[in-house]
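Under this note's numbering, the first residue of the sequence shown is numbered 1, with each subsequent residue one higher.
C-beta atoms are modelled at their ideal positions from N, C-alpha and C, and glycine is treated no differently.
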Amino acid sequence: MLTKPKGTYDILPNEARIWAKLETVIRKVCNLANYEEIRTPIFEAYETFHRNEDDSSDMVTKETYDFLDRGDRKMTLRPEGTAGCVRAFIENKLYVLNKVTKLFYLGPMFRYERPQKGRYRQFMQFGLEAYGPKSPLLDVDIISTAVMLLKALGFMKVRVRINTLGDKESRNNYRNVLVDYFSKNIDLLCSDCKQRLEKNPLRILDCKIDKENVILKNAPKISDYLNDDSKTHFNKVLEELDKINIKYVVDPHLVRGLDYYSDTVFEIEYESDVLGNQNVLCAGGRYNDLVKDLGGPDIPGVGLAFGMDRLLLALANENINIIKPKMLHAYLITLGNDCSDYGLKLIYDLRLAGITCDMSYTKASLKAQFKEADNNNSLFTLILGEDELNKQTINVKNNQTKEQVTLNISELKGYLIKNLTQNSCHNCGGNCHEKSTN
Ligand code: HAM
1 MLTKPKGTYD ILPNEARIWA KLETVIRKVC NLANYEEIRT PIFEAYETFH RNEDDSSDMV
61 TKETYDFLDR GDRKMTLRPE GTAGCVRAFI ENKLYVLNKV TKLFYLGPMF RYERPQKGRY
121 RQFMQFGLEA YGPKSPLLDV DIISTAVMLL KALGFMKVRV RINTLGDKES RNNYRNVLVD
181 YFSKNIDLLC SDCKQRLEKN PLRILDCKID KENVILKNAP KISDYLNDDS KTHFNKVLEE
241 LDKINIKYVV DPHLVRGLDY YSDTVFEIEY ESDVLGNQNV LCAGGRYNDL VKDLGGPDIP
301 GVGLAFGMDR LLLALANENI NIIKPKMLHA YLITLGNDCS DYGLKLIYDL RLAGITCDMS
361 YTKASLKAQF KEADNNNSLF TLILGEDELN KQTINVKNNQ TKEQVTLNIS ELKGYLIKNL
421 TQNSCHNCGG NCHEKSTN
């Protein structure tokens, strides 16, 4: 039997409805905050993600799915959305001097990681990216939009952790101090950190193995090495977050796994142990040089990405149900071949009028068809037998009130539309028929 690749999963119909709803909520929130959707390819040229030899992030060095296409071009399945979005921003000249461009995307990302709960090889991200002059207000716009999404989902059991990596000058000062400090204590570091010391000493600070190591705990803090510009930028971000009442914790050890960040970095964690180390639902920060490094103009960016899979796991764990039960407006029960042939045309006409409906396509017994109507949670059951067909009538049962009426078939559509609008269907509150009644 063929099975799905390791680290991937199927989304079955019941779960697909939850995903669709999550996507709807995301689009609403993006619309509120004026982020516009961009859709970029799932694979990009290898160089989009492997920009320089010095990149020490795990994602770039160990986790990308790289392949040669049939024309011998080196390609990479996107491991994240930021680089592809920047590539599209530059290639399509979406920039306007001194203006801000705000984009969002949803889609699958691919990383060759060790799979576990909340960590997959194919996973879904929702990302926001904003390009424009380096304003701390834009950092806050990004973070507050993430918080708005969580609120819209009814989910607030989260902790925002924030830090700054400063600008290039501040980071270089800090880097030298850190190399000096860790070099003196190198024997006390784990083997991964020993390697990080050369390429990216800042990453030692968020090592999961050395987390409790006093050498890390006592390490110099970036806040002592920030130049005035970097200090002012970060303080303004915190001040604005305070003003809009978004709670956060400043974590001097938060440095993020990707190499393109500068100034503000942040993570939003789910405050529960169920996802273990995979409890970061959303992460992001400012990247002042990435647009320039990818060949574009000198325009800074700031953004974030949610792991949508993790977000849904966390919602399920909190028993937050974002969808209503599946339902149909009507289910047609037929008795005899002529009735089912006629019924097919009937439900086609109802569907064209915006009424969700279905029927049994097999020669199922009356009992089995009633059961199907029940399983589909139909608001109305329509019953068509030979007698009714001859008289061009149909029996209509309202499954909420249990009331049953016999109507001329020609009246059916109007009757259903009127009653669905008046008696609010549990999917839409009655609005789903606005179009057909206008
Ligand atoms: P990231 O931290 O690599 O950042 O990923 C963002 C989020 O994607 C994580 O916090 C997590 O929720 C989810 N995620 C990452 N890897 C996996 C995985 N293997 N399985 C399930 N979920 C995962 C970025 O990707 C940056 N592009 C974020 C960004 C946007 N920064 C600026 N703009």
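Buried or exposed for residue i, please, with buried defined as at least 16 other CB atoms from any protein chain shown within 10 angstroms of its CB.
i: proline 300; result: buried
i: tyrosine 361; result: exposed
i: threonine 437; result: Because the pLDDT of threonine 437 is 35, which lies under 50, any placement of that residue in the model is unreliable, and the question is left without a value.
i: tyrosine 331; result: buried
i: serine 170; result: buried
i: lysine 435; result: Low local confidence applies: a pLDDT of 41 at lysine 435 is under 50, so the model's placement there is unreliable, and no value is given.
i: glutamine 404; result: exposed
i: glycine 154; result: exposed
i: tyrosine 270; result: buried
i: asparagine 419; result: buried
i: glutamine 369; result: buried
i: tyrosine 348; result: exposed
i: valine 147; result: buried
i: histidine 433; result: Since pLDDT at histidine 433 reaches only 48, below the 50 mark, its modelled position is unreliable, and the value read off the structure follows with that caveat. That one is buried.
i: leucine 366; result: exposed
i: alanine 78; result: With the sequence shown as reference, residue 78 is identified as arginine, and alanine is not the correct amino acid for it. Buried is the call here.
i: serine 378; result: buried
i: methionine 156; result: exposed
i: lysine 4; result: exposed
i: asparagine 279; result: buried
i: lysine 397; result: buried
i: glycine 296; result: buried
i: threonine 401; result: exposed
Should residue i be listed as close to the ligand HAM, given that the test is whether its C-beta is under 8 Å from any heavy atom?
i: glutamine 125; result: yes
i: cysteine 282; result: yes
i: threonine 82; result: yes
i: glycine 354; result: no
i: phenylalanine 104; result: no
i: histidine 305; result: Reading off the sequence, residue 305 comes out as alanine, not histidine. Answer for alanine 305: yes, Cβ within range of the ligand HAM.
i: leucine 128; result: yes
i: arginine 256; result: yes
i: tyrosine 131; result: no
i: glutamate 44; result: no
i: tyrosine 287; result: yes
i: aspartate 309; result: yes
i: glutamate 267; result: yes
i: glycine 154; result: no
i: valine 291; result: no
i: tyrosine 120; result: yes
i: glutamate 113; result: yes
i: methionine 359; result: no
i: valine 160; result: no
i: valine 147; result: no
i: methionine 327; result: no
i: methionine 59; result: yes
i: methionine 75; result: no
i: valine 140; result: no
Measuring alpha carbon to alpha carbon, tell me which residue in the options is nearest residue i.
i: isoleucine 143; options: Gly154, Gly132, Arg159 and Pro133; result: Arg159
i: leucine 137; options: Phe234, Arg196, Glu269 and Ala219; result: Phe234
i: arginine 196; options: Ser56, Glu37 and Lys74; result: Ser56
i: aspartate 58; options: Asp263, Ile204, Glu267 and Thr393; result: Ile204
i: arginine 39; options: Leu22, Glu47, Phe67 and Asn92; result: Asn92
i: leucine 335; options: Leu389, Met327 and Glu318; result: Leu389
i: leucine 275; options: Leu294, Gly303 and Ala314; result: Ala314
i: glutamate 439; options: Asp273, Gly307 and Ile347; result: Any answer about residue 439 is impossible in this case: the structure gives the chain only from 1 up to 438.
i: alanine 364; options: Asp387, Leu258 and Ile333; result: Ile333
i: lysine 199; options: Asp358, Ile42, Lys217 and Gly257; result: Gly257
i: leucine 407; options: Met308, Ile355 and Ile394; result: Ile394
i: leucine 412; options: Gly385, Phe380 and Asp387; result: Phe380
i: aspartate 338; options: Lys157, Arg310 and Asp387; result: Asp387
i: proline 115; options: Phe126, Asp69, Asn277 and Ser378; result: Asn277
i: leucine 254; options: Arg161, Leu2, Ile246 and Ile244; result: Arg161
i: valine 250; options: Glu267, Asp259 and Lys243; result: Glu267
i: lysine 211; options: Lys117, Leu188 and Asn227; result: Leu188
Does the beta carbon of residue i fall short of 8 Å from some heavy atom of the ligand ATP?
i: glutamine 278; result: By its list of ligands, the structure shown excludes the ligand ATP, since it contains just the ligand HAM.
**Prompt:** Are the region 101-108 and the region 286-296 touching by the rule of at least three beta carbon pairs closer than 8 Å?
**Reply:** no
**Prompt:** When the Cβ atoms of the region 121-130 are set against those of the region 166-180, are three or more pairs found closer than 8 Å?
**Reply:** no
**Prompt:** Using 8 Å as the threshold, is the region 17-34 in touch with the region 88-107, meaning 3 or more CB pairs across them?
**Reply:** yes
**Prompt:** Are at least three pairs of beta-carbons, each pair with one atom in the region 337-344 and one in the region 47-56, less than 8 Å apart?
**Reply:** no
**Asked** Counting Cβ pairs closer than 8 Å, one from the region 170-183 and one from the region 220-232, do we hit at least three?
**Response** yes
**Request:** Report yes or no: do three or more beta-carbon pairs, one from the region 303-322 and one from the region 366-374, lie closer than 8 Å?
**Result:** no
**Message:** For the region 230-248 against the region 261-269, do three or more pairs of beta-carbon atoms, one drawn from each stretch, fall closer than 8 Å, so that the two count as touching?
**Reply:** yes
**Asked** Taking contact to mean at least 3 C-beta pairs separated by less than 8 Å, is the region 60-74 in contact with the region 9-20?
**Response** no
**Request:** Pair every Cβ in the region 294-312 with every Cβ in the region 70-88, then say whether three or more of these pairs are closer than 8 Å.
**Result:** yes
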